[in-house]
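The block underneath contains the structure these notes are about, expressed in structure tokens.
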Amino acid sequence: MIATEPKASIQGGEFLIKETPASQVFIPEEFTEEQQMIAATCREFLEREIWPRLNEIDNAKSPGLISSLMDKAGELGLLGTGVPEEYGGFGMSFNTSMLVAEVTGAGHSFSVALSAHTGIGTLPIVYYGNDDQKSRYLPKLATGEWKAAYCLTEPDSGSDANSGKTKATLSEDGKQYILNGQKMWITNGGFADVYIVFAKIDDGSGQPDKNLSAFIVERSFEGITMNEPEHKMGIKGSDTRQIFFNDCKVPVENLLSERGNGFKIAVNILNIGRIKLGVAAVGGSKEVINNAIRYANERKQFKTPISQFGAIKHKLAEMAVKVYASETASYRAGQNIDDLIEDLKGQGMDDASAKLKALEQFAIECALMKVHGSETLDYVVDEGVQVYGGMGYSADAPMDRSYRDARINRIFEGTNEINRMLIVDMLLKRAMKGELDLMGPAMAVSKEIMSIPDFNSDEEEGLFVAEKKVLRNLKKAALMVAGAAVQKFMMSLSDEQEILMNIADMAIEIYAAESALLRVEKLITMQGEDSVTLQKQMALIYLHEAVEKINSAGRAAITSFAEGDELRGMLMGLKRFTKIEPMNLKDARRQIADAMIAENKYIF
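Numbering (this note's numbering), first residue to last: 314 to 917.
Right under this line is the structure:
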């Protein structure tokens, strides 16, 4: 049922029905020397310009400080990573831009401003702008001479983005759109020079289009006003405002892409924002772990550093295991996107169209990694506070800021609940279109449940034979639940949000666990098994914990809709598909923690 395919055939969502060879997966250890130098530049910038000024950034009374720091980032080239070279950028690969996002993700409020500018603020023009628009705006955005913001959300339009009420009315002479409306939660709003604004075009009939259109709006255009910065729980240094457009005159040539294409632009740009948010959360998590390890080594109780206590070692190891899996899965997906971009360009597609198509193809993985990365960071900061104990609750210690700043990530770029439902929705839509064969394997699994288990299967050879069988069975569990839910609810499945989220959780854990195992398998072929003992322990710990989570999510879903013999049969199948040989997880965690404690930092 689960087959191996050539690298070029990897498509979004296929991880649930196909087995990817380790040789086809990119791992962080494969970053080139140039990419590592780029990462080092980002770290040095944080160490020199950001971390010493975190309090100053959070307490700034105006956006001038963040804006000036953006200028310095622009001087280093950090704002032009995704801009093509012909427009003053560096035209980096997608995974390289992911690496920049990861490292700068430890920059708290600054990282929010940076990602808003380089991602949702600039990329709509990169991917959807015409030659004139690109020539006018991208060189200034790449250097930081101009800063960008993205105006989508409205007071009554959040997750339902297409319900926005902002209107753009064509002037009588047909030369301008007159923009009227209100946007809120606009990152960089107070100092941006360019806004990507979404509105519905009204020809004057009073009945605006059903779909959004997108516009490039300069700060210098008349009719733009804004409130004072919002007072937020975290990311206090990020300039977040409400923006008002009152008869703002926008030249018709500043319509981005085509009329009515705004919702598609928003969705595709959010795909980029999601996966980069996930990998930025990895960078933030690593810095929190570093702080937690250093404090645990310094803090003594009962005349012993608390890093020597089993309870603390458990926390440090669990933090590391989750981050390792999230990092691995992020770059796996990022390289899949890069590979598809190159394939499509090889088939004659232009660069921008190839990137959009590739991102659309892997939108499932983008949503998946947004959820996993943001929830990993939330876990890490919560445990970081606990490692610090009472000092963790003090605003003078670093965990206070990390804890508060992390919380927004489960809301940014679509809430995690919305993203969970999108994961399943996109999987099922692709199946309905014939782009992804989910129901065939799901039917095969339903037949397998009713059959006698085969205990005499042929012996396989290679690394992680038993673990790969576990993964195949976990995929069967997810397919069983998803297939039964589709048959039960058909078109009304979208109303069963709890079940959708259960299925999404199964998919998320499968992808992360498989990614971690494939990374270690590839490392063993590159470096030998003796050199990656700890990484192997991390992958196995994650797999064991994923089995438990998938069993729990599957049970929650099954008991929500199945009854009688169907219920008993599916629970029996779930039990069969979520088995794994036990291992001493405590000792494995201690080995991981001891290695980090000895180095006084996250080492993987």
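By construction, the Cβ of each residue, glycine as well, lies at the ideal position given by its N, Cα and C atoms.
Where the beta strand (DSSP E) containing ASP506 begins and where it ends: Indexing the sequence shown from 1 puts residue 506 at position 193. Here ASP506 belongs to no beta strand (DSSP E), and DSSP marks it neither H nor E.
Who does ARG889 pair with in a DSSP beta bridge? Position 576 of the sequence shown holds residue 889. According to DSSP, ARG889 bridges with nothing at all.
Would DSSP call ILE529 helix, strand or coil? Along the sequence shown, read from residue 1 onward, the residue named residue 529 stands at position 216. Looking at ILE529 - three-state DSSP - the assignment turns out to be strand.
Given this structure, state the Cα-to-Cα distance separating ASP808 from GLY457, to the nearest angstrom. By 1-based counting over the sequence shown, the position of residue 808 is 495. By 1-based counting over the sequence shown, the position of residue 457 is 144. Cα to Cα, ASP808 sits roughly 45 Å from GLY457.
Considering only C-alpha positions, which residue in the set PHE504, MET752, GLU531 and ILE509 is nearest to GLU541? The residue you call residue 541 lines up with position 228 of the sequence shown. Of the listed residues, the one whose Cα sits closest to GLU541 is PHE504.
Are the segment 584 to 595 and the segment 414 to 424 touching, with three or more C-beta to C-beta distances below 8 Å? yes
What first and last residue would you give for the alpha helix (DSSP H) that runs through GLY686? Here residue 686 refers to the residue found at position 373 when the sequence shown is read from its first residue. First-last of the alpha helix (DSSP H) with GLY686: 676 to 701.
Taking only three categories from DSSP, how would you classify GLU861? Along the sequence shown, read from residue 1 onward, the residue named residue 861 stands at position 548. Helix at GLU861.
Please go through the same chain and pick out, in chain order, the residues whose beta-carbon is closer than 7 Å to the beta-carbon of ALA642, but skip the five residues on each side of it. On the sequence shown, position 329 is the one that residue 642 refers to. Only MET682, HIS685, TYR824, ALA825 and SER828 meet the Cβ criterion.
Residues bridged to CYS958 [DSSP beta-bridge criterion]: Residue 958 lies beyond the residue range present for the chain, which begins at 314 and ends at 917; the question has no answer from this structure.
Can you tell me where the alpha helix (DSSP H) with THR409 in it begins and where it stops? By one-based count along the sequence shown, residue 409 stands at place 96. Its alpha helix (DSSP H) spans residues 407 to 417.
LEU451 and VAL396: beta carbons closer than 7 Å? On the sequence shown, residue 451 is found 138 positions in, with the first residue counted as 1. On the sequence shown, residue 396 is found 83 positions in, with the first residue counted as 1. Yes, the Cβ-Cβ distance between LEU451 and VAL396 is below 7 Å.
Does the separation of the CB atoms of PRO376 and ASP552 fall below 7 Å? Taking the first residue of the sequence shown as 1, we reach residue 376 at position 63. Taking the first residue of the sequence shown as 1, we reach residue 552 at position 239. It is a contact, given that the beta carbons lie within the stated cut-off.
Beta-carbon within less than 8 Å of ALA321's beta-carbon, same chain only, minus the 5 sequence neighbours each way: which residues are those? Translated into positions along the sequence shown, residue 321 becomes position 8. Any answer about ALA321 is weak, because its pLDDT of 48 lies below 50 and its placement is not dependable; what the coordinates show is given next. Closer than 8 Å at Cβ, skipping near neighbours: ASP652 and ASP656.
Hey, is the segment 571 to 584 in contact with the segment 595 to 605, meaning 3+ C-beta pairs nearer than 8 Å? no
Determine contact between the segment 749 to 760 and the segment 829 to 844, defined as no fewer than three beta-carbon pairs at a distance below 8 Å. no
Distance, VAL507 Cα to ILE529 Cα: Along the sequence shown, one-based indexing puts residue 529 at 216. Along the sequence shown, one-based indexing puts residue 507 at 194. One C-alpha to the other measures close to 7 Å.
Exposure of ARG714, with buried meaning 16 or more beta-carbon neighbours within 10 Å: As a working note, residue 714 is residue 401 in the sequence shown. Buried, because 16 or more other Cβ atoms sit within 10 Å of the Cβ of ARG714.
Determine whether the beta carbon atoms of GLY547 and ASP718 lie at a separation below 7 Å. As a first step, residue 547 is located in the sequence shown; it is residue number 234 there, counting from the start. As a first step, residue 718 is located in the sequence shown; it is residue number 405 there, counting from the start. Yes, Cβ-Cβ distance for GLY547 and ASP718 is below 7 Å.
Taking a contact to mean a Cβ-Cβ separation below 7 Å, would you say GLU822 touches LYS849 in this structure? Numbered from 1 along the sequence shown, position 509 holds the residue referred to as residue 822. Numbered from 1 along the sequence shown, position 536 holds the residue referred to as residue 849. No, these two residues do not count as a Cβ contact at 7 Å.
CA-CA distance, ILE433 and ASN408? The residue labelled residue 433 in the question sits at position 120 within the sequence shown. The residue labelled residue 408 in the question sits at position 95 within the sequence shown. Going from the Cα of ILE433 to the Cα of ASN408 covers about 17 Å.
Do you know how far the Cα of LYS478 is from the Cα of ASN864? Reading the sequence shown from its first residue, position 551 is the one you call residue 864. Reading the sequence shown from its first residue, position 165 is the one you call residue 478. When rounded, the distance between both Cα atoms is 43 Å.
Answer with buried or exposed for GLN674, where buried requires no fewer than 16 other C-beta atoms within 10 angstroms of its C-beta. Against the sequence shown, residue 674 aligns to sequence position 361. Its Cβ being crowded by 16 or more others within 10 Å, GLN674 is buried.
Have a look at ASN913 and ALA795 and give me their C-alpha separation to the nearest angstrom. Locating residue 913 in the sequence shown gives position 600, where the first residue counts as 1. Locating residue 795 in the sequence shown gives position 482, where the first residue counts as 1. About 44 Å.
Assuming ALA797 and ASN732 make a contact with CB atoms under 8 Å, what is their CB distance in whole Å? Here residue 797 refers to the residue found at position 484 when the sequence shown is read from its first residue. Here residue 732 refers to the residue found at position 419 when the sequence shown is read from its first residue. About 23 Å; that fails the 8 Å criterion.
With three or more C-beta pairs closer than 8 Å as the rule, is the segment 884 to 895 touching the segment 782 to 794? yes
Look up PHE511 in the DSSP assignment and say whether it is helix, strand or coil. Position 198 of the sequence shown, counted from the start, is the residue given in the question as residue 511. Here PHE511 sits in strand by DSSP.
How would you call TYR490, buried or exposed, if buried means at least 16 neighbouring beta carbons within 10 angstroms? Translated into positions along the sequence shown, residue 490 becomes position 177. Answer is buried; the Cβ neighbour count reaches 16.
Thinking C-beta only, is VAL413 closer than 7 Å to THR394? The residue given as residue 394 occupies position 81 in the sequence shown. The residue given as residue 413 occupies position 100 in the sequence shown. Yes.
6 Å CB neighbourhood of THR538 in its chain, flanking five on each side removed: Within the sequence shown, residue 538 is the residue found at index 225, counting from 1. Result list for THR538: PHE557, in chain order.
Counting C-beta neighbours from all protein chains within 10 Å, is the total for PHE615 16 or more, i.e. buried, or is it exposed? Residue numbering aside, residue 615 sits at position 302 when the sequence shown is read from its first letter. With fewer than 16 other Cβ atoms within 10 Å, it is exposed.
Report the partner residues of ARG554 according to the DSSP bridge assignment. Indexing the sequence shown from 1 puts residue 554 at position 241. Per DSSP, ILE499.
Please list, in chain order, all residues of the same chain as MET411 whose beta carbon is under 8 Å from its beta carbon, the five residues on each side excluded. Here residue 411 refers to the residue found at position 98 of the sequence shown. Closer than 8 Å at the Cβ level, and outside the excluded window around MET411, lie ILE588, LYS589, VAL592, SER643, TYR644 and GLY647.
Between the Cα of TRP919 and the Cα atoms of MET350, VAL601 and TYR706, which residue gives the shortest distance? No answer is possible for residue 919: the residues shown for the chain start at 314 and end at 917.
Burial state of ALA316, where buried means 16 or more other Cβ atoms lie within 10 Å: Numbered from 1 along the sequence shown, position 3 holds the residue referred to as residue 316. Caution applies to ALA316, whose pLDDT of 45 falls short of 50 and renders its modelled position unreliable; the value that the coordinates give is listed next. Its Cβ having fewer than 16 others within 10 Å, ALA316 is exposed.
By Cβ distance below 6 Å, which residues in the same chain neighbour PHE576 in space, the five residues on each side in sequence not counted? The residue labelled residue 576 in the question sits at position 263 within the sequence shown. ASN475, ASN524 and LEU525, listed in sequence order.
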